[in-house]
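Residue numbers (this note's numbering): 270 to 619.
Here a beta-carbon is modelled for each residue, glycine too, at the ideal position from N, C-alpha and C.
And the structure:
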């Protein structure tokens with residue numbers, strides 16, 4: 270499909286620069302098939318059925334934004350770590366990358382230095398961090414939270430973001446972007462969901478900086494997704510299959526969860542244990558195999574995430590949903606409001 274089919278006009282004032290407080294007070298547009306109802310995140314317990322299961326991503330965002338200087342010069346280098354390779358090496362998207370060559374060393378401050386091991390065809394760079402301390406400790410010293418460009422370009426990153434840009438489920442270090450659909454959940458809301466008989470499960474997908482990259486191709490067939498590492502253990506896979514087998518729904522909380530479940534699901538609609546990289550790219554025409562609905566924030570025009578929700582609900586429906594959200598002053602993107610997308614019967618997820 271042509272990428273411009275997924276374009277829409279978004280007023281800049283609809284972009285949220287801070288989250289609402291309390292977090293579960295955010296608006297939520299409930300979309301069932303093609304019908305829309307305005308709600309809030311606090312309404313979630315009454316909008317789902319007892320026995321349904323919300324699936325969360327337990328990845329934890331690391332302070333992966335680094336600013337430094339190339340040793341031996343005054344060249345300023347900005348790096349956003351994208352994907353862990355091993356204990357000391359990370360792939361990164363780099364500002365001013367043309368100033369770096371293999372063997373160069375960048376000082377990122379606070380005694381943190383990394384050598385340029387290699388440069389990839391996509392412009393990313395593999396850094397090898399010096400020393401014996403775990404890279405996560407180095408990042409705590411020298412890094413800042415990697416807020417999305419549409420927020421970071423409008424205000425300074427501050428200490429509040431270290432808490433605001435982390436979900437209550439965050440346990441496993443490795444993400445450089447938050448699974449933002451989960452940011453709306455509070456202890457109070459989780460208790461209310463439990464009282465309503467709604468279950469929850471966990472998986473891990475370390476979100477990479479590639480999630481912020483624009484689609485530069487004119488046709489979706491020509492876009493290459495960046496790989497991200499994820500894991501679904503056997504116990505979770507079996508549990509999700511059992512939930513669906515008894516007639517309840519598996520609701521992905523966020524596109525990261527949806528993409529990992531779909532990477533693990535076979536053509537027989539069975540979710541299997543999964544551990545490794547996924548670069549799944551979901552566009553209209555895709556047949557969903559492992560999920561029955563999605564809770565997600567509102568996404569950028571022409572983005573892979575808007576393509577994904579259009580695959581789930583239909584492009585015409587999602588254009589109407591987004592037009593309604595804009596007209597009714599919903600807040601967009603990472604710190605914005607939410608939507609609950611339920612396409613209907615399972616055989617309609619095609």
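Taking C-beta atoms under 8 angstroms as the contact rule, residue 601 and residue 285 qualify, at a distance of about 6 angstroms. Excluding residues up to 5 positions away in sequence, 272, 492, 571 lie with their Cβ nearer than 6 angstroms to the Cβ of residue 484 in the same chain. Residue 455 and residue 310 have their C-alpha atoms some 10 angstroms from each other. When Cβ pairs closer than 8 angstroms are counted between the two stretches, the region 297 to 313 is seen not to touch the region 425 to 432, the count staying below three. Separation of residue 437 and residue 584 (C-alpha to C-alpha, rounded to the nearest whole angstrom) is 32 angstroms. Closest in alpha carbon position to residue 599, among 294, 275, 270, is 294. For residue 435, the secondary structure class from DSSP, reduced to helix, strand or coil, is coil. Residue pairing by DSSP leaves residue 489 without any beta bridge partner.
Looking at the backbone, the Cα of residue 612 and that of residue 339 are separated by about 51 angstroms. Runs of the alpha helix (DSSP H) lying entirely within the region 457 to 516 and spanning at least 4 residues, in chain order: 503 to 514.
Rounded to whole angstroms, the separation of the alpha carbons of residue 471 and residue 439 is 10 angstroms. In the DSSP assignment, residue 316 falls outside any beta strand (DSSP E) and within the unbroken alpha helix (DSSP H) covering 313 to 316. Taking C-beta separations shorter than 6 angstroms and ignoring five residues to either side along the sequence, the partners of residue 350 in its chain run 333, 359, 361, 445, following chain order.
For residue 410, the enclosing alpha helix (DSSP H) has its first and last residue at 404 to 411. Rounded to whole angstroms, the separation of the alpha carbons of residue 343 and residue 354 is 28 angstroms.
CA-CA distance, residue 299 to residue 442, rounds to 32 angstroms. The beta-carbon distance between residue 506 and residue 556, rounded to whole angstroms, is 19 angstroms. This is too long to meet the 8 angstroms contact definition.
In the DSSP assignment, residue 387 forms a beta bridge with 395.
Looking only at 395, 411, 419, the smallest Cα-Cα distance to residue 482 is reached by 419.
Inter-segment contact for the region 532 to 549 and the region 580 to 595 is absent: fewer than three beta-carbon pairs are separated by less than 8 angstroms. Going by beta carbons, residue 395 and residue 387 fall inside the 7 angstroms limit. Residue 546 is positioned such that its CB atom lies closer than 7 angstroms to that of residue 496. Sequence-distant Cβ neighbours of residue 434 in its own chain, meaning closer than 7 angstroms and more than five residues away, are 330, 414, 416, 447.
A straight line joining the alpha-carbon of residue 532 with that of residue 341 spans about 45 angstroms.
In the three-state scheme derived from DSSP, where H, G and I count as helix and E and B as strand, residue 571 is classed as coil. With contacts defined as CB atoms closer than 7 angstroms, residue 467 and residue 321 qualify as a contacting pair. Residue burial is scored here from C-beta neighbours: residue 548 has fewer than 16 other C-beta atoms within 10 angstroms and is therefore classed as exposed. Assigned with DSSP and collapsed to three states, residue 585 falls in helix.
For residue 306, the uninterrupted beta strand (DSSP E) run begins and ends at 304 to 309, by DSSP. Counting along the chain, the unbroken alpha helix (DSSP H) around residue 530 starts and ends at 524 to 533. A Cβ-Cβ distance of about 16 angstroms is found for the pair residue 519 and residue 451, leaving them out of contact under the 8 angstroms criterion. In the structure shown, residue 550 falls within a coil segment according to DSSP collapsed to helix, strand and coil.
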